[in-house]
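Here's the structure we're looking at; comments come further down.
There are 2 protein chains.
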Amino acid sequence: MPRTQVRTRKRPVPLEAAMEAIASPRRRQILRLVWGAERSAGEIASTVRDVSWPAVSQNLRVLKDSGLITERREGTHRYYKADRRALGPLEVVLRQMWTRDLDRLRELAEDEAHSRRARRD
Amino acid sequence: MPRTQVRTRKRPVPLEAAMEAIASPRRRQILRLVWGAERSAGEIASTVRDVSWPAVSQNLRVLKDSGLITERREGTHRYYKADRRALGPLEVVLRQMWTRDLDRLRELAEDEAHSRRARRD
DNA sequence: GACTTAATTTAGAAGTAGCTTAAATAACTG
DNA sequence: CAGTTATTTAAGCTACTTCTAAATTAAGTC
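Printed below as a string of structure tokens:
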């Protein structure tokens, strides 16, 4: 009995595919939504809002194919959540991007406060 | 004297731009070439070989714009080299991709050896 | 089965990335 | 300056990505 697939030792998600998947801002946005908790396709789509449902669905598929999220079906719903293990060293990258976003927001808020105070003085 | 640019504290290269830059296999290939040592555009282009010089030049520009490589001009030559600091957490990702490539090559070589031996037996 | 809700798939439009060839720039050399 | 070498810019092509609207599937409800 010929082994067609030698050495099928559950390789980690190809980093390549993962990179391509999260190179898209939209997919990063979606990934963030399913980062902490499982969410249904509908929840995700209505959260994103500046894009149609099918667009979200398509992006979910790319994420799923790249192994970055998992899908669980329950009745007519499908629930997605991030599979952090699959991200490998990319998890750090994402985290850094996101906390950096937060920093920028906080900065903006501070600047706002400053200039408001300045105007008042 | 109005400070137009508040808070210009030499921010690290936007991770976003870096991500996009290295999402391209061709650019990863080029980046690898200028990883350890500075190389001229010509050296790089003639190493890559399955693509035209202008194509290489264009990719070098993207890498440069994203801050991942630096350019040094000397006479009619331009020398490029990777700026590893700029990669931030993406350095780990690249290293992992590359060592994984090597692993795959080694595996192939081993398999070759095995089947060669098998045929002989 | 007919209807509703949840989500996906399909088909097609618009924009973009990466390439090629040809032309242009830039620095040197006689 | 005319000529050579190193490299980039410009123009145009093709293929891919991402989106939308419409059609489809799938599961549950009356």
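Those sequence lines, one after another, are chains A and B. Here the first sequence stands for residues 0 to 120, where the numbers follow numbering that gives the first Met the number 0. Here the second sequence stands for residues 0 to 120, where the numbers follow numbering that gives the first Met the number 0. Backbone N, C-alpha and C define an ideal beta-carbon position, used for all residues, glycine too.
How big is the Cα-Cα spacing for A/Glu82 and B/Glu73?
The residue you call residue 82 of chain A lines up with position 83 of the first sequence. The residue you call residue 73 of chain B lines up with position 74 of the second sequence. Reading off the sequence, residue 82 of chain A comes out as Asp, not Glu. Spanning the two alpha carbons is a distance of roughly 48 angstroms.
Report yes or no: is there a C-beta of chain A within less than 9 angstroms of the C-beta of B/Val124?
With chain B covering only 0 through 120, there is no way to say anything about residue 124 of chain B.
The alpha helix (DSSP H) with B/Ala81 in it runs from where to where?
Sequence index remark: in the second sequence, residue 81 of chain B carries index 82 (1-based). Not the alpha helix (DSSP H): B/Ala81 falls in the beta strand (DSSP E), residues 76-81.
Threshold first: 4 residues or longer. Then list the alpha helix (DSSP H) segments lying entirely within the stretch 36-95 of chain B, N to C.
40-47, 52-64, 83-86
Could you tell me whether any Cβ in chain B is nearer than 9 angstroms to the Cβ of A/Glu15?
Start at 1 with the first residue of the first sequence, and residue 15 of chain A comes out as number 16. At least one chain B Cβ lies under 9 angstroms of A/Glu15.
6 angstroms Cβ shell around B/Glu37 - same chain, five flanking residues per side excluded:
Sequence index remark: in the second sequence, residue 37 of chain B carries index 38 (1-based). Here the set comprises Tyr78, Lys80.
Give the single residue among A/Thr46, A/Pro13, A/Val91 whose Cα lies nearest to the Cα of A/Arg25.
Walking along the first sequence from the start, residue 25 of chain A turns up at place 26. Closest option to A/Arg25, Cα to Cα, is A/Thr46.
Measuring CB to CB, does B/Ala22 end up less than 9 angstroms from B/Ala85?
One-based indexing of the second sequence puts residue 22 of chain B at position 23. One-based indexing of the second sequence puts residue 85 of chain B at position 86. No, the pair does not count as a contact, with Cβ atoms beyond the cut-off.
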